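The structure appears below as structure tokens.
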Amino acid sequence: MPPWLTQLSSVQRKESKLDSSRWLQLSTIGIDNNPRVRTVVFRGWSKSYEMEIYTDKRSQKYHELNLNNNVEICWLFSRSKCQFRFRGTSTIELDKYNLLHWEKLSEQSRLMWSWPTPGNQFNLEKTNNFSVKSIKELSNNFTVLKIKINHVDQLLLRKPVHTRRRWIRANDWKEESINP
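Here it is in structure tokens:
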């Protein structure tokens, strides 16, 4: 287990009752070479401790990650006054792995993957009237992103002194305290 995961798990437990404790900001590089940031939902960890996030294959994020898989994630836990930043590379999973995650989703969550294409104009009437053949079958739009983390930065915004440390992975993780 990565050494920073103990710190993160502790903060997650303290804030687990808040919906926002699963929201994080994912930064990518756009097709036009400009930065893009969006809020996504943390879905868990793979067996090899890669962060898992779900995305729609029709989204800009999916296309951006196919061109440049470098990402940075910022995860703020407001009650704990703790921020984690993760840097790493993303991989887009194959359907066999996606199906395992699809089966864990609620029926309501599965419906989202049949909505119109993300980023297109929105028409509430059409969205409310779309038909879904079978939400039990894996949607062609659904995929799992795995983020292999190679850099973690933790900032504790506590009084009287803020503290910061980072972990960098070469072969093994190296931890160091740094100035906030």
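Numbered according to UniProt numbering, the sequence shown spans residues 1 to 180.
Beta carbons are placed, not taken as given, at the ideal position from N, Cα and C, and that holds for glycine.
In this text, all values refer to a predicted model and were calculated from it rather than measured experimentally.
With a threshold of 16 other CB atoms inside 10 Å of the CB of residue i, please say whether the residue is buried or exposed.
i, result
"L100", "exposed"
"N88", "In the sequence as presented, Asn is not what sits at residue 88; that position holds Gly. Buried, because 16 or more other Cβ atoms sit within 10 Å of the Cβ of G88."
"Y49", "exposed"
"E107", "exposed"
"N98", "buried"
"T143", "buried"
Give the secondary structure of residue i by DSSP, where H, G and I count as helix, E and B as strand, and everything else as coil.
i, result
"N120", "coil"
"residue 202", "Residue 202 is absent from the structure shown; the chain starts at 1 and stops at 180."
"R43", "strand"
"E103", "coil"
"K136", "coil"
"Y49", "coil"
"R87", "strand"
"K174", "strand"
"N33", "coil"
"residue 233", "Lying before the first or after the last residue shown, residue 233 is absent from the chain, which here runs from 1 to 180."
"residue 185", "Missing from the structure shown is residue 185; the chain here goes from 1 to 180 and no further."
"R164", "strand"
Thinking just about the alpha-carbon of each residue, which of the options is nearest to the one in residue i?
i, options, result
"T28", "I147, S10, K81", "I147"
"W115", "Q154, D56, L145", "D56"
"E15", "Q83, E137, D32, N69", "Q83"
"E93", "S109, I73, V11, N69", "N69"
"E72", "R13, T143, P118, Q25", "Q25"
"N66", "Q121, T91, L105", "T91"
"S20", "N140, P160, F77, N33", "F77"
"W113", "N141, T39, Q121, L105", "N141"
"residue 187", "D32, Y54, N33", "One cannot answer for residue 187 here, as it falls past the ends of the chain, which runs 1 to 180."
"S9", "E103, W75, N33, R58", "W75"
"G44", "L105, N34, F122, N171", "L105"
Once you ignore the five residues that flank residue i on each side, which residues in its own chain have a CB closer than 7 Å to its CB?
i, result
"W173", "P2, P3, W167"
"residue 187", "Any question about residue 187 goes unanswered here, given that the chain covers just 1 to 180."
"H162", "L155, L156, P180"
"I178", "R164, R165, R166"
"R58", "T117, P118, N141"
Keeping to the same chain, check which residues put their C-beta closer than 6 Å to that of residue i; ignore five residues upstream and five downstream.
i, result
"V152", "W4, F86, W167"
"R79", "E15"
Please return the same chain residues whose Cβ sits closer than 8 Å to the Cβ of residue i, not counting the five positions on each side in sequence.
i, result
"S46", "E52, K146"
"D95", "L138"
"R36", "S27, T28, I29, G30, Q60, K61, E64"
"I149", "P2, Y49, E50, M51, F86, R87, G88, R169"
Tell me, to the nearest whole angstrom, how far the beta carbon of residue i is from that of residue j; I am working on the premise that it is less than 8 Å.
i, j, result
"R165", "E176", "7 Å"
"F42", "R13", "Rounded, the Cβ-Cβ distance is 14 Å, inconsistent with contact."
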